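First comes the structure, then the notes that go with it.
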Amino acid sequence: MLIKQPADIHPSEITPPELYARRREFLKTAAVFGAAALLPPIMRGTVAQAADDDLKLTPYKDITAYNNFYEFGSSKSDPAENAGSLKTKPWFVAVEGHCEKPGRYTLEDFLAPHPSEERIYRLRCVEAWSMVVPWLGVPLSTILPRFQPTASAKYVEFTTLLDPAQMPGQRTRLLDWPYVEGLRMDEAMNPLTLLATGLYGKELPNQNGAPLRLVVPWKYGFKSIKSIVKIRFTETQPKTTWAISGPGEYGFYANVNPAVDHPRWSQKKERRVGDLFRRETLPFNGYAEQVAGLYTGMDLKTFF
Ligand code: MTE
Numbered sequence: 532m533l534i535k536q537p538a539d540i541h542p543s544e545i546t547p548p549e550l551y552a553r554r555r556e557f558l559k560t561a562a563v564f565g566a567a568a569l570l571p572p573i574m575r576g577t578v579a580q581a582a583d584d585d586l587k588l589t590p591y592k593d594i595t596a597y598n599n600f601y602e603f604g605s606s607k608s609d610p611a612e613n614a615g616s617l618k619t620k621p622w623f624v625a626v627e628g629h630c631e632k633p634g635r636y637t638l639e640d641f642l643a644p645h646p647s648e649e650r651i652y653r654l655r656c657v658e659a660w661s662m663v664v665p666w667l668g669v670p671l672s673t674i675l676p677r678f679q680p681t682a683s684a685k686y687v688e689f690t691t692l693l694d695p696a697q698m699p700g701q702r703t704r705l706l707d708w709p710y711v712e713g714l715r716m717d718e719a720m721n722p723l724t725l726l727a728t729g730l731y732g733k734e735l736p737n738q739n740g741a742p743l744r745l746v747v748p749w750k751y752g753f754k755s756i757k758s759i760v761k762i763r764f765t766e767t768q769p770k771t772t773w774a775i776s777g778p779g780e781y782g783f784y785a786n787v788n789p790a791v792d793h794p795r796w797s798q799k800k801e802r803r804v805g806d807l808f809r810r811e812t813l814p815f816n817g818y819a820e821q822v823a824g825l826y827t828g829m830d831l832k833t834f835f
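Numbering (this note's numbering), first residue to last: 532 to 835.
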């Protein structure tokens with residue numbers, strides 16, 4: 532658990548990826564021997580997660596070299612190769628739409644005074660691969676109330692930077708730029724929804740969506756929009772980039788659902804990056820207990 536903003540973290544304080552693995556082993560042992568109760572409350576959450584053997588961390592080099600970030604190209608290695616051109620300092624976030632306190636905030640002001648916390652989440656891509664990532668971030672639910680959304684705010688829309696000079700992919704018609712994503716207000720306010728600023732205790736690398744990206748662990752990875760410059764409270768469901776690009780293939784909800792196949796491939800299984808064998812995909816990516824209630828009464832085959 533780190534309680535500093537990434538910008539405040541001195542390089543000597545960064546936990547190298549190998550130490551994460553070792554700490555995890557310690558936490559597992561602690562959980563087995565019931566020592567969890569002795570840990571400070573903040574670490575007990577990590578024990579509960581670490582006790583799940585499904586949460587073996589994906590190596591840093593895979594998380595940062597195998598990416599989807601179409602603003603920098605459509606092959607998995609393009610973002611790591613090309614995202615160096617993205618200038619992330621200074622960075623501003625505009626808050627617009629149905630709220631009492633709209634404005635344009637520096638990233639620091641937008642996040643302040645909330646401390647970053649570590650969340651180990653599975654990321655399940657719609658392409659049926661997955662990773663386990665130790666994110667560093669601030670729950671969106673602690674940030675949004677400050678802008679005082681009104682009763683008309685039913686959805687939150689997120690927009691990525693639009694700057695073809697820095698983002699070569701935007702000079703092509705690959706997608707309808709800028710990249711836009713959205714959540715229903717109750718999804719945005721769910722405690723699992725994270726605005727990430729780092730991973731493995733370091734600042735987010737550009738290819739992973741620096742300096743600010745969304746992480747919605749029970750949804751397919753495309754909902755986790757990168758390099759966010761705008762948040763807008765809307766009354767109607769936002770038009771999202773992948774739903775515009777392929778409405779029959781990518782829905783607004785995009786909840787991880789092994790029972791609803793993508794029209795071109797099955798979603799029953801997934802391959803964890805680095806693993807040889809595929810594993811079963813879990814409903815809501817394993818977070819059903821926390822989020823299934825958000826969709827009570829909805830036909831998730833229709834609202835895919
Ligand atoms: N955000 C933007 N702006 N552009 C993108 O192309 N790709 C999405 C999502 N966020 C994407 C994006 C997809 S399809 C996935 S699977 C995740 O980012 C991948 O995140 P990662 O590269 O950190 O694993």
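No residue lacks a Cβ here, since even glycine has one placed at the ideal position from N, Cα and C. These numbers were taken from a predicted model, which means no experiment stands behind them.
- By the beta-carbon neighbour count (other beta carbons within 10 angstroms, threshold 16), residue 690 is buried.
- Residue 660 carries a strand assignment under DSSP once its states are collapsed to helix, strand and coil.
- Taking every protein chain shown into account, the CB of residue 661 has 16 or more other CB atoms within 10 angstroms, so this residue is buried.
- In the structure shown, residue 822 falls within a helical segment according to DSSP collapsed to helix, strand and coil.
- Of the residues 748, 767, 791 and 772, the one whose Cα lies closest to the Cα of residue 629 is 767.
- C-alpha of residue 682 to C-alpha of residue 763: approximately 14 Å in a straight line.
- Around the CB of residue 700, 16 or more other CB atoms lie within 10 Å, so the residue is classed as buried.
- In the same chain as residue 769, and ignoring 5 residues on each side of it, the C-beta atoms closer than 7 Å to its own belong to 686, 688, 711 and 713, in chain order.
- Look at residue 603 here: in three-state DSSP terms it is helix.
- Bounds of any beta strand (DSSP E) do not take in residue 766, whose DSSP letter is neither H nor E.
- For residue 825 and residue 750, the gap between their C-alpha atoms comes out near 13 Å.
- For residue 761, the closest alpha carbon among the candidates 796, 617 and 624 is that of 624.
- One alpha carbon belongs to residue 709, the other to residue 810, and they sit about 34 Å apart.
- By the C-beta criterion, the segment 790–804 is judged not to be in contact with the segment 641–650, since fewer than 3 inter-stretch pairs fall below 8 Å.
- In chain order, 642, 645, 646, 647, 648, 725, 726 and 728 place their CB closer than 8 Å to the CB of residue 669, counting only its own chain and leaving out the 5 sequence neighbours on each side.
- For residue 719, there is no enclosing beta strand (DSSP E); the enclosing alpha helix (DSSP H) covers residues 716–719.
- By the 16-neighbour rule on beta-carbons within 10 angstroms, residue 618 is exposed.
- For residue 758, the shortest separation between its Cβ and any heavy atom of the ligand MTE lies below 8 Å.
- Distances between the C-beta of residue 752 and the heavy atoms of the ligand MTE include at least one below 8 Å.
- Listed in chain order, the non-local C-beta contacts of residue 807 below 6 Å within the same chain number zero, local neighbours out to five positions each way being set aside.
- Taking 8 Å as the cut-off, the C-beta of residue 813 does not count as close to any heavy atom of the ligand MTE.
- Taking 8 Å as the cut-off, the C-beta of residue 675 does not count as close to any heavy atom of the ligand MTE.
- For the segment 609–638, the full-length alpha helix (DSSP H) segments reaching 4 residues or more read 609–613 along the chain.
- Of the candidates 777, 705 and 786, the residue whose Cα lies closest to the Cα of residue 829 is 786.
- Between the ligand MTE and residue 768, a heavy atom-to-CB distance of less than 8 Å is absent.
- In this structure, the ligand MTE has a non-hydrogen atom nearer than 8 Å to the beta-carbon of residue 610.
- Out of 778, 737, 758 and 653, the CA that lies nearest to the CA of residue 819 is found in 653.
- If only complete runs of 4 or more residues are kept, the segment 661–747 shows the alpha helix (DSSP H) at 671–674 and 716–719, in order along the chain.
- DSSP places residue 800 inside the beta strand (DSSP E), whose first and last residues are 800–803.
- Residue 666 sits buried, since 16 or more C-beta atoms from the chains shown fall within 10 Å of its C-beta.
- Relative to the ligand MTE, residue 775 has its C-beta separated by 8 Å or more from all heavy atoms.
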